[in-house]
Structure formats: C-alpha cells, structure tokens
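In this note's numbering, the protein residues as written are 318 to 418. All C-beta atoms in this analysis are idealised placements derived from N, C-alpha and C, irrespective of residue type, glycine included. Every value quoted in this text rests on a predicted model; they were computed, and no experiment measured them.
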C-alpha cells in the first residue's frame, strides 16, 4: 500500500480557503467557507473570515451614518421641572428646534 504524501493527506483534511496548506478550525457564519486560526475572527461566539467581518463592519457603519443623518433633523425634547433658563440659553446658541413638556 503506498504511503500518503502530504498532498494526498490534504485531500482528506478540511483546509482554509485562504491558506490551502493549513487545516481549518471552523467555518465562517457569513459565507460558509472553511477558515484557519489565523483567518478566524470570533465575534459573539461566531466565526467570521476577514472578508465577512469587513462587510459586517461596513454595513454597521452605513447604519450608524443613516441614524446620524436622521437624528440631526429631529427636535430636542427636554423635561424640565424648573424655569428652564439654561435650556433657553442653550437653544438660542444652537439652531435646533426645542419642545418643552
């Protein structure tokens, strides 16, 4: 029986899709590809490859920017039990609508 060469042995192992000669430690939950320890980023107990973690952060960045854009046009609401002179002074300094309850 012929001995298995490292090449033939690698056919039976699950290797990283980036590093073909390195054994995978898991799969990316984003794309399902096998990844090695070096390519793995664990986030909240899930494994991600670099490409998917970059996409996840870009998506979150876009969501944050959208929220910031949306929030800049919203009126500021203050609940005040006193005279509110400080709030009026602050309101005069900034050009945001203010609602007193």
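Query: 6 Å Cβ shell around residue 336 - same chain, five flanking residues per side excluded; Result: 353
Query: DSSP-derived helix/strand/coil call for residue 340; Result: strand
Query: Short Cβ contact (8 Å threshold) for residue 333 with residue 351; Result: yes
Query: Host beta strand (DSSP E) of residue 360 (start-end); Result: 358-360
Query: Residues near residue 331 by beta carbon distance below 6 Å, same chain, minus five either side; Result: 341 and 351
Query: Within 8 Å, strictly: CB atoms of residue 364 and residue 346; Result: yes
Query: Which listed residue (348, 344 and 384) has its alpha carbon closest to that of residue 373; Result: 348
Query: Residue 334 - containing beta strand (DSSP E), residue span; Result: Residue 334 -> no beta strand (DSSP E), and no H or E assigned at all.
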